[in-house]
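Mapping of the sequence shown onto the UniProt record's numbering: position 154 corresponds to residue 154, and the numbering continues sequentially without gaps. All residues carry an ideal CB built from backbone N, CA and C; glycine is no exception. Everything on this sheet refers to the single structure shown next.
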Amino acid sequence: MQVTLPARLYGCPDAWLRERTGLFGHTWLFLAHEAEAPDAGDWIATDVAGHQLLMVRGADGALRAFHNVCRHRAGPLVSGVAGNCGRELVCGYHGWRYSLEGRLRAATGFGAAEGFDPREFGLLGLRLETWRGLVFVTLDPDAAPLGQIVAPLEMLLAARGFDIARPAARRTHVLDCDWKVYAENYLEGYHIGSVHPVLADELGPAEYRVRVEGDLVIQEAVGVNDGPQAGVWGWLWPNLGINVYRDGAMIERMTPVGPGRTRLDYLFLNDGGEGALGEALVASDRLTAEDAAICEAVQRNLTAGAYETGVLSPRHEAAVAWFQMRIGAVHA
Ligand code: FES
Ligand SMILES: [Fe+2]
């Protein structure tokens with residue numbers, strides 16, 4: 001019998017800090033699709049577990065990633081989630097100017113200062129790698145190559161002949177629950193009958209299966225693989241759903257934004273653009289609302305103090321058990 005993680009790890013500031021550095025400081029973090037920044041100067045910014053991440057396309061066509069922080073007094077290089085900065089990144093505080101490659105070009109109006117060498121004040125770079133158009137960054141110079149991490153998913157997509165289409169729409173939802181509550185909910189189909197009646201009807205009596213391969217979880221509803229639900233439902237440690245269907249894909253990042261607070265960043269991909277998504281967006285909003293309501297209720301109970309630990313079903317919650325084991329190691 002596997003006992004769950006203790007309730008105190010959900011929504012607690014100490015746990016948040018440990019996960020922020022001990023977990024999110026070492027994994028690959030999904031940022032965007034490369035087609036969302038096609039031209040020189042195009043940038044995308046986001047925060048994941050408090051890390052302020054920025055990618056920008058250079059004049060040479062290459063994508064680079066940096067912490068979104070100026071080396072002067074920590075001003076932001078960009079504000080918002082996407083834009084074009086022209087030929088350089090200009091700090092929003094006192095106007096220091098950086099090349100798209102991260103070199104400090106001009107410490108605007110700074111004046112003379114003994115020992116100040118602009119070459120030592122380039123932007124703080126991040127490793128960036130791309131897989132099937134999806135851009136990931138990591139803070140960890142020693143993280144295993146992205147290609148190695150996604151290899152099981154790559155093999156599965158290749159075997160099914162699936163491509164990842166072009167970006168068509170983004171959506172975000174903010175939830176009052178710890179990111180782990182949402183991730184665990186995502187990793188089991190046990191709740192579908194109670195929480196998602198419409199989806200349960202669509203899936204019918206199909207058996208819902210979950211398996212773990214390396215850093216990847218694969219979920220399948222056996223028996224619907226030839227129907228409209230056909231696809232590969234992948235999930236990459238620690239917080240990314242990668243759902244690929246015959247005619248599109250949906251990437252879902254479960255983004256920790258603070259103790260007990262989670263933002264869901266959805267990227268819908270479809271070669272027909274947003275207009276072709278139609279029902280998929282409606283269904284996604286419905287599922288998200290259903291999951292948000294149950295996850296927020298669970299979080300309130302985890303915080304309330306009556307419940308300390310529970311148990312996991314080997315039949316339905318093997319991936320939750322695996323997830324909790326890895327989270328437990330972060331807090332050991
Ligand atoms: S903090 Fe960036 S220029 Fe001062
Ligand atoms: Fe759900």
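{"Item": "beta-carbon glutamate 202 near ligand 2 non-hydrogen atom, thresh 8 Å", "Value": "no"}
{"Item": "Residue from Glu296, Leu104, Arg18, Asp60 with nearest C-alpha to glycine 260", "Value": "Glu296"}
{"Item": "Classification of phenylalanine 110 by the beta-carbon crowding that lies within 10 angstroms, buried from 16 upward", "Value": "exposed"}
{"Item": "Boundaries of the beta strand (DSSP E) in which residue 374 is found, first to last residue", "Value": "For the chain, the structure presents residues 1 to 332; residue 374 sits outside this window and is missing."}
{"Item": "Proximal residues to aspartate 176 (C-beta, below 7 Å), its chain only, five neighbours per side dropped", "Value": "Gly260, Arg261, Glu296, Gln299"}
{"Item": "Cα-Cα separation between proline 228 and glutamate 317, rounded to whole angstroms", "Value": "Legend: pLDDT at proline 228 = 45, less than 50; position of this residue unreliable, no value from coordinates given."}
{"Item": "Inter-residue Cα distance where the pair is valine 69 and leucine 100", "Value": "14 Å"}
{"Item": "Spatial distance of alanine 32 from alanine 332 (CA atoms)", "Value": "32 Å"}
{"Item": "C-alpha gap between alanine 15 and leucine 9, whole angstroms", "Value": "6 Å"}
{"Item": "Stretch pair the region 154-166 + the region 237-249: three plus CB contacts closer than 8 Å", "Value": "yes"}
{"Item": "Close beta carbons around valine 150, own chain, < 6 Å, minus the five adjacent residues each side", "Value": "Trp131"}
{"Item": "Simplified DSSP assignment, three categories, for proline 228", "Value": "In this prediction, proline 228 scores a pLDDT of 45, lower than 50, which makes its location untrustworthy; no coordinate-derived value is stated."}
{"Item": "Supposed contact pair arginine 71 and leucine 23 - C-beta distance, whole angstroms, cut 8 Å", "Value": "Not quite, the Cβ-Cβ distance comes to about 27 Å (not below 8 Å), so this is no contact."}
{"Item": "Cβ neighbour criterion (16 or more within 10 Å) applied to phenylalanine 268", "Value": "buried"}
{"Item": "Beta carbon of arginine 253 nearer than 9 Å to that of phenylalanine 30", "Value": "yes"}
{"Item": "Of the residues Gly61, Pro238, Leu139, Gly214, the one placed nearest methionine 155, counting alpha carbons only", "Value": "Gly214"}
{"Item": "Inter-stretch contact (C-beta, 8 Å, three-pair minimum) for the region 76-88 and the region 34-43", "Value": "yes"}
{"Item": "Chain-order list of residues whose beta-carbon lies under 7 Å from that of glutamate 88 (same chain, five-residue window excluded)", "Value": "Arg97, Tyr98, Ser99, Leu100, Arg105"}
{"Item": "Rounded C-alpha distance that separates residue 353 from glycine 234", "Value": "A question about residue 353 goes unanswered here, because the residues of the chain that appear run from 1 up to 332."}
{"Item": "Cβ-heavy atom distance, valine 195 to ligand 2, below 8 Å", "Value": "yes"}
{"Item": "Neighbouring residues (CB closer than 5 Å to any heavy atom of ligand 1)", "Value": "Cys70, His72, Arg73, Gly75, Cys91, Tyr93, His94, Trp96"}
{"Item": "Beta-carbon gap between alanine 65 and leucine 53 smaller than 9 Å", "Value": "yes"}
{"Item": "Member of Leu123, Thr255, Leu128 whose CA lies at the smallest distance from the CA of alanine 62", "Value": "Leu128"}
{"Item": "Isoleucine 106, enclosing alpha helix (DSSP H) - first and last residue", "Value": "The question names isoleucine, but residue 106 in the sequence shown is alanine. Careful: alanine 106 lies outside any alpha helix (DSSP H), inside the beta strand (DSSP E) at 104-106."}
{"Item": "DSSP bridge partner residues for threonine 262 (one or two, in chain order)", "Value": "Leu175, Pro256"}
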